[in-house]
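Adding 644 to a residue's 1-based position in the sequence shown gives its number in my numbering.
Glycine included, every Cβ here is placed at the ideal spot set by N, Cα and C.
Only a predicted model underlies this, so the values are computations on that prediction, with no experimental measurement involved.
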Amino acid sequence: MKVVADTRLLRNEIDHWRKNGETIAFVPTMGQLHEGHLSLVRVANERAQRCVVSIFVNPAQFGPQEDFAAYPRNPTLDREKLAGTSVDLLFVPEVSSIYPQGKMRTYVEVPGLTTILCGQFRKGHFRGVATVVQILFNLVQADFALFGEKDYQQLLLIKHMVSDLALPIKIL
């Protein structure tokens, strides 16, 4: 498993796979990996020749009353869990790689889904999710992206975003 933090190195690897005609599956996470994540990796390996996992704790999806700094992180344990899988590349970007200007000027929003259910109580959360997932999709350029159903509202949001923006990726 290759580990990269730099977007340029990520794109170089993706470009190499694409030139070889390989399919790519992507499992975006915020770390704290568990069996649910690992099951997505197994499915990713069944669907594609290459598997990319990202670990990125996204500050844009934390509200003012939520503590981004306190979000649990254990990169060593996450890497150990992935070492026993068929992940080809682990992408672990810094915040500055995802948001180079320090803050976003452009956001992705999915009206109708971002302000209902838990979106009612977490202002800006789903806008932050949609924005970072779009950025990650642009960087990884996968054929498939895999999401669990634990957060069903988030899954629906991503499916709508992919459909509305005609993104060339299949959500599993």
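In terms of Cβ geometry, residue 776 and residue 702 form a close pair [threshold 8 Å]. For residue 723, the uninterrupted alpha helix (DSSP H) run begins and ends at 719-727, by DSSP. In the DSSP secondary-structure assignment, residue 694 is bridged to 668. Between residue 734 and residue 697 a beta carbon distance of about 5 Å is seen, short of the 8 Å cut, so the two are scored as contacting. Distance from the CA of residue 717 to the CA of residue 675, rounded to the nearest whole angstrom, comes to 7 Å.
Beta-bridge partners assigned by DSSP to residue 789: 670, 815. Counting C-beta pairs closer than 8 Å gives three or more between the segment 674-690 and the segment 781-790, which meets the contact rule.
Listed as beta-bridge partners of residue 733 by DSSP are 646, 696.
Counting the other Cβ atoms within 10 Å of the Cβ of residue 719 gives fewer than 16, which makes it exposed. Residue state for residue 805 is assigned as helix, using DSSP reduced to three classes.
The alpha carbon of residue 732 has as its nearest neighbour, out of 802, 782, 739, 666, the alpha carbon of 666.
Residue 770 carries a helical assignment under DSSP once its states are collapsed to helix, strand and coil. Cβ-Cβ distances below 6 Å link residue 680 to 792 in the same chain, with the five nearest sequence neighbours on each side left out; the list follows chain order.
Taken atom to atom, the span from the alpha-carbon of residue 756 to that of residue 808 is near 13 Å. Residue 707 places its beta carbon less than 8 Å from that of residue 767.
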